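Undergrad: Dropping the structure in here first, questions after.
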Amino acid sequence: MAISAIDIRDISAAQPRPTDVETPRRTRPPMTVVATAAVALVESVALLAGALTGLDGILSSVHRPGPAIVLSSVVVLASWIVVCAAGAATLIDGAGRRLVTGVAYGELVLITVLFFVALLTPRGEVPIPPALPLPAVALLVLAVPVGKLLLAGSPTAVAWVAEGPRPRERRADPTKSHRDLCVGTLAVIGVVLTAVAAIGVPAAGGSTDDPGSNPGGTVSSTH
Numbered sequence: 432m433a434i435s436a437i438d439i440r441d442i443s444a445a446q447p448r449p450t451d452v453e454t455p456r457r458t459r460p461p462m463t464v465v466a467t468a469a470v471a472l473v474e475s476v477a478l479l480a481g482a483l484t485g486l487d488g489i490l491s492s493v494h495r496p497g498p499a500i501v502l503s504s505v506v507v508l509a510s511w512i513v514v515c516a517a518g519a520a521t522l523i524d525g526a527g528r529r530l531v532t533g534v535a536y537g538e539l540v541l542i543t544v545l546f547f548v549a550l551l552t553p554r555g556e557v558p559i560p561p562a563l564p565l566p567a568v569a570l571l572v573l574a575v576p577v578g579k580l581l582l583a584g585s586p587t588a589v590a591w592v593a594e595g596p597r598p599r600e601r602r603a604d605p606t607k608s609h610r611d612l613c614v615g616t617l618a619v620i621g622v623v624l625t626a627v628a629a630i631g632v633p634a635a636g637g638s639t640d641d642p643g644s645n646p647g648g649t650v651s652s653t654h
């Protein structure tokens, strides 16, 4: 009887408990993760649009800064845009949220520094409409990094990252299964580009034989 009791106890211990069974990983991210990624992506697009507009105004200005300042500004803005988009991608994938939170903390520090610089600068030189008070603008801008921190630090987002990256589904290489289509597409693009390069664009003034190129607007005729 003792041997039978020991065997039964060993068999029951060897069986997996309900808590030991691994739960399947969710394939869809929670709403907090999707919202954080959406905010980061919209911010990156807004930064890109603002950078293009600002650089166009700076380069066309009479008091244009030196090439070193322009180059460093472009590098900083490009890095900012890239890390914003990369943070959204890593969070959606479940690889981590450090990039999102790190960028948000950096934005908080940058906004704080710019706020105090704007307070010490004459209001006429600050690129903000006079009708908008500086504290209101600062609070409005602070809503973006604070919102990202709150969303990325929510329990659902933390649990999503804790589960690890999402499993990747292996798919066949489309270039191997549609090789003929790829080759034909590349051939058509090559022919079109070659034709455009060979034909070229006609001169703006036109040829000398063109009647429209006559300054007087008249066409000489022979009798």
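The sequence shown begins at 432 in my numbering and counts up one residue at a time. Here a beta-carbon is modelled for each residue, glycine too, at the ideal position from N, C-alpha and C. Bear in mind the structure is a predicted one, so any value in this text is a computation, not a measurement.
For a test of the three-state rule: what should DSSP assign to G584, helix, strand or coil?
TA: The residue given as residue 584 occupies position 153 in the sequence shown. In this structure, G584 counts as coil in the three-state DSSP scheme.
Undergrad: Around the Cβ of I559, are there at least 16 other Cβ atoms within 10 angstroms (buried) or fewer (exposed)?
TA: As a first step, residue 559 must be located in the sequence shown, where it is residue number 128. So I559 counts as exposed.
Undergrad: If you count every other CB in all the chains shown that lies within 10 Å of the CB of A471, and 16 or more means buried, which is it?
TA: Reading the sequence shown from its first residue, position 40 is the one you call residue 471. A471 is buried by the Cβ-count criterion.
Undergrad: Under the rule that 16 or more other beta-carbon atoms within 10 Å means buried, what is R528, buried or exposed?
TA: Here the question's residue 528 lines up with position 97 in the sequence shown. Answer is buried; the Cβ neighbour count reaches 16.
Undergrad: Quick one, which of L624, T467, M462, P460 has its alpha-carbon nearest A574's?
TA: The sequence position of residue 574 within the sequence shown is 143, counting from 1. Taking only the C-alpha atoms, the option nearest A574 is T467.
Undergrad: Under 9 Å, do A592 and L522 count as touching if we go by C-beta distance?
TA: Position 161 of the sequence shown, counting from 1, holds the residue named residue 592. Position 91 of the sequence shown, counting from 1, holds the residue named residue 522. The sequence shown places Val at residue 592, rather than the Ala named in the question. Taking 9 Å as the Cβ cut-off, V592 and L522 qualify as a contacting pair.
Undergrad: What's the call for T616, buried or exposed, on a 16-neighbour Cβ count within 10 Å?
TA: For the purposes of this step, residue 616 is taken as the residue at position 185 of the sequence shown. It is exposed - the Cβ of T616 has fewer than 16 other Cβ atoms within 10 Å.
Undergrad: Grab the span of the alpha helix (DSSP H) containing A509 for me, first residue to last.
TA: Mapped onto the sequence shown, residue 509 falls at position 78. Segment 498-524, the alpha helix (DSSP H) holding A509.
Undergrad: From the DSSP output, in three-state form, read off L563 for me.
TA: As a working mapping, residue 563 is identified with position 132 in the sequence shown. Three-state result, L563: coil.
Undergrad: Grab me the residues of T532's own chain with a C-beta within less than 7 Å of its C-beta, minus the 5 sequence neighbours each way, in chain order.
TA: In the sequence shown, residue 532 corresponds to position 101, counting from 1. So the qualifying residues of the chain are L580, A583.
Undergrad: Taking I512 and L478 to be in contact with their CB atoms under 8 Å, please state how far apart those CB atoms are, rounded to whole angstroms.
TA: In the sequence shown, residue 512 corresponds to position 81, counting from 1. In the sequence shown, residue 478 corresponds to position 47, counting from 1. So it is a contact: roughly 5 Å between Cβ atoms.
Undergrad: Quick one, are the C-beta atoms of P586 and A526 less than 9 Å apart?
TA: For the purposes of this step, residue 586 is identified with residue 155 of the sequence shown, where counting begins at 1. For the purposes of this step, residue 526 is identified with residue 95 of the sequence shown, where counting begins at 1. It is not a contact, given that the beta carbons lie outside the stated cut-off.
Undergrad: Helix, strand or coil for P461 per DSSP?
TA: Residue numbering aside, residue 461 sits at position 30 when the sequence shown is read from its first letter. Of the three classes helix, strand and coil, the one that applies to P461 here is coil, per DSSP.
Undergrad: For S491, name the three-state secondary structure that DSSP assigns.
TA: For the purposes of this step, residue 491 is taken as the residue at position 60 of the sequence shown. Coil, per DSSP.
Undergrad: Determine the extent of the alpha helix (DSSP H) in which E538 is found, giving its start and end residues.
TA: Here residue 538 is taken as the residue at index 107 of the sequence shown, counted from 1. Looking at the DSSP string, the run of the alpha helix (DSSP H) that includes E538 is 529-551.
Undergrad: Quick one: measure Cβ to Cβ for L539 and P576, integer angstroms, because I've assumed they're closer than 8 Å.
TA: The residue given as residue 539 occupies position 108 in the sequence shown. The residue given as residue 576 occupies position 145 in the sequence shown. Confirmed, about 5 Å.
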